[in-house]
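Written below as structure tokens is the structure these notes are about.
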Amino acid sequence: MEINVIEILEKLKEALEAEKLVRISSAHVSGISYFNVGEAGIDFLEKLVNECLKVKVPTTINPAGMDLEKWHEMGIPSWFAKRQIKIIELLKTIGASPTCTCTPYLVGNVPRRGSHVAWAESSAVVYANSIIGAKTNREGGPSSILAAIAGYTVCSGYHLDENRIPNLKVKVKAKIGSEVDQGLLGYIVAQRHPTAIPLFDKITLKHMHLKSMCAALATSGQIALFSWLPRCGQYSKIADKTVIDQSDISLTREKLSTLSEISDSDVIYLGCPHLSLQEIASFTKLLCRKNAKPKIKIWLGTSREIYRKCIRIGILEKLKKRNVEIICDTCIVVAPLKHMGIKCITVNSVKAAHYLRKLHNVKVHLASMEEIINAC
Amino acid sequence: MHAKTYVAKPIVAASLKGELVVVKRQLSFYGDIDPEKGLLKLNSKTISIKGKILAFPYSSGSTVGSYIIFRMKKLGTNPKAMITLKAEPIVIIGCLIARIPLFHKVNPRFFTENSTGYFVNIKTINEKTIIETVPGEPL
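As given, the protein sequences belong to chains A and B, one line each in that order.
Going by this note's numbering, the first residue of the first sequence is number 841, and it counts up by one from there.
Going by this note's numbering, the first residue of the second sequence is number 39, and it counts up by one from there.
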């Protein structure tokens, strides 16, 4: 039986009680790792390929379950690698760009402010809505692929301006000094108000911290959009309010850190969400300045595009000398850790800490990039 | 025993008969169902849904659920139809791609008045579905 993507979107529109479909300018697809989607995902993509369906808008994809080139060095079993490569090939046939990153906005998928897009990957959704000012719902893997093929998505939820008005004031009384603190702040807000549109009374301008918070807001809740003062001047009009103080931050940090010392970890992972070139460069600079050669293996996670830039500007060489490796196309959260012999991990990401415990049952230590460098 | 009758709205329309499996809570296709064998894991019990009519009030969980529904169809382990209160995108996409009949907006009483093992007769005419249920063996 043939697939009619517009029919599916029309049915979704009816079920969601929306008025119309809206044209999208780009798509970002999640559910790429074989660890997550398994044979079922391959079946689905094969069906789309067999029907010769192609994407109509620029389409990027989420991280795979392994580095597509260095999977062997990562300790990935070959049965897994074979099926993972199959998924990427099928997506390429459909016309998706094999970016394998959770930060499409760092590799050229940057929508215009106000434009409609269909993005999956919850952290990128928050980033697109809040930082870029594009409009997207929290699409799922299947719905984002179908939207990419149709060039349309259902015009509901966050596509409508009336649903994008902040409805929760957040007063930050804690000291937010690192990307971990910023992530914890987002995590607590979303835990207390899982579907709110928070308006923060203050915000950092550090890109790494913002990325970290975008990811955390979508981890403990389903937040898709936030704003801040003075960008949004509605603060006094909002009735609901939550206050985050120092003890909230410390308690949540303790709860998420199940491994007491960095030194007990099998691996240290930085790159949830994927690191930008700037973040990798500043990490390298700090490590070199300290002349540190860490004893524990450090993995930096990023996209292949940024990895190539790192080679070009000589960062990769410097890192290799210091026991630091850049792995691309993947993320430790969607890698088959059980088969890689990894049981204890240090991360600088609240999102990663949450999912590593939940999905992989590993022990996690939470530390900021700065704390990690100091411990090296 | 008299048959009970309910009205529903078809998303993937069909008329068919079959044996009912009722889930009384939210169902996550990713996690609650083993697509390889067509088994539903409910608390400590495991029930086959292959060839049955699966009814659940709501669904939730990972969007991989759509893929799971399609995989069941491919393997032939799928339920032959689904009935729900409010169909959400995971189920709609899964059932449309797999062409598994799907009905929603059934009266919530459906989930308290019927049990697994009941016999169901579904008739769809012009965007309207009538679902009849009777306990026990088919009439």
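Beta carbons are placed, not taken as given, at the ideal position from N, Cα and C, and that holds for glycine.
{"query": "Local Cβ density within 10 Å of A/Val1020, reported as buried at 16 or more and exposed below that", "result": "buried"}
{"query": "Contacting residues, own chain, Cβ-Cβ under 6 Å from A/Asn902 (five flanking each side not counted)", "result": "Ser870, Ile872, Cys942 and Glu961"}
{"query": "Residue closest to B/Pro173, alpha-carbon to alpha-carbon, out of B/Ile71, B/Glu57 and B/Ser53", "result": "B/Glu57"}
{"query": "Contact between the segment 896-911 of chain A and the segment 1161-1172 of chain A (3+ Cβ pairs under 8 Å)", "result": "yes"}
{"query": "Cβ-based neighbour list, B/Met120, same chain, cut-off 8 Å, excluding 5 preceding and 5 following", "result": "Ile91, Leu92, Ala93, Phe94, Val129, Cys133, Ile138, Pro139, Leu140 and Phe141"}
{"query": "Coarse secondary structure for A/His1205, derived from DSSP in three states", "result": "strand"}
{"query": "Same chain, Cβ closer than 8 Å to A/Ser1100, five either side skipped, listed in chain order", "result": "His1205"}
{"query": "Three-state secondary structure assigned by DSSP to B/Ser86", "result": "strand"}
{"query": "Cross-chain neighbours of A/Ser1060 in chain B, by beta carbon under 9 Å", "result": "Chain B residues near A/Ser1060: none, gap ~16 Å exceeds 9 Å."}
{"query": "Alpha-carbon to alpha-carbon, A/Val1029 and A/Leu1008", "result": "10 Å"}
{"query": "Between the CA atoms of A/Ala858 and A/Asp1001 - distance to the nearest angstrom", "result": "14 Å"}
{"query": "The segment 867-885 of chain A: positions lying closer than 7 Å to chain B by Cβ", "result": "Gly871, Asn876, Val877, Glu879, Ala880, Gly881, Asp883 and Phe884"}
{"query": "8 Å Cβ cutoff, B/Ser104 in contact with chain A", "result": "yes"}
{"query": "Those runs of the alpha helix (DSSP H) which lie wholly inside the segment 60-110 of chain B and span at least 4 residues", "result": "67-70"}
{"query": "Any C-beta of chain B under 8 Å from that of A/Phe1066", "result": "no"}
{"query": "The segment 152-167 of chain B / the segment 41-52 of chain B touching (three or more Cβ pairs under 8 Å)", "result": "yes"}
{"query": "Contacts around A/Gly915, its chain only, beta-carbon distance under 6 Å, and the 5 residues preceding and following it disregarded", "result": "Met1180"}
{"query": "Own chain, CB closer than 7 Å to A/Asn1297, minus 5 neighbours either side, in chain order", "result": "Chain A is shown from 841 up to 1216; residue 1297 of chain A falls before or after that span and cannot be answered."}
{"query": "Residues within the segment 136-160 of chain B neighbouring chain A, beta-carbon criterion of under 8 Å", "result": "Arg137 and His142"}
{"query": "Beta-carbon contacts of B/Ala136 that lie in its chain and below 7 Å, excluding the five residues immediately before and after", "result": "Ile107, Phe108, Lys111 and Asn116"}
{"query": "Chain-order list of residues whose beta-carbon lies under 6 Å from that of A/Lys1051 (same chain, five-residue window excluded)", "result": "Pro1113"}
{"query": "Any C-beta of chain B under 8 Å from that of A/Ala855", "result": "yes"}
{"query": "8 Å Cβ cutoff met for B/Thr154 and B/Ile85", "result": "yes"}
{"query": "Reduced DSSP secondary structure (H/G/I, E/B, other) of B/Leu177", "result": "For B/Leu177, the predicted structure reports a pLDDT of 47, less than 50, and the residue's modelled location is therefore unreliable. The matter cannot be settled from this model."}
{"query": "Per-residue burial, B/Leu177 [other beta carbons within 10 Å of its own, 16 or more giving buried]", "result": "Because the pLDDT of B/Leu177 is 47, which lies under 50, any placement of that residue in the model is unreliable, and the number read from its coordinates should be weighed accordingly. So B/Leu177 ends up on the exposed side."}
{"query": "CB contact flag (A/Leu1065, A/Tyr967, <8 Å)", "result": "no"}
{"query": "From A/Lys1046, A/Ser866, A/Val877 and A/Ala1014, residue whose alpha carbon lies closest to that of A/Asp1085", "result": "A/Ala1014"}
{"query": "Own chain, CB closer than 7 Å to A/Ile1163, minus 5 neighbours either side, in chain order", "result": "In the sequence as displayed, the identity of residue 1163 of chain A is Asn instead of Ile. Around A/Asn1163: Lys1133, Pro1134, Lys1137 and Ile1138."}
{"query": "Cβ shell of B/Leu65 (< 6 Å), same chain only, five flanking positions each side left out", "result": "Phe94 and Ser97"}
{"query": "Any C-beta of chain B under 8 Å from that of A/Pro938", "result": "no"}
{"query": "Rounded straight-line distance, which links the Cα of B/Asn152 to that of B/Tyr44", "result": "11 Å"}
{"query": "Length of the line joining the Cα atoms of A/Lys860 and A/Ser963", "result": "26 Å"}
{"query": "Ordered list of alpha helix (DSSP H) runs contained in the segment 1027-1094 of chain A, each at least 4 residues", "result": "1047-1057"}
{"query": "B/Lys112: contacting residues in chain A (beta-carbon distance under 7 Å)", "result": "Asp883"}
{"query": "For B/Asn159: DSSP bridge partner residues", "result": "B/Lys55 and B/Glu170"}
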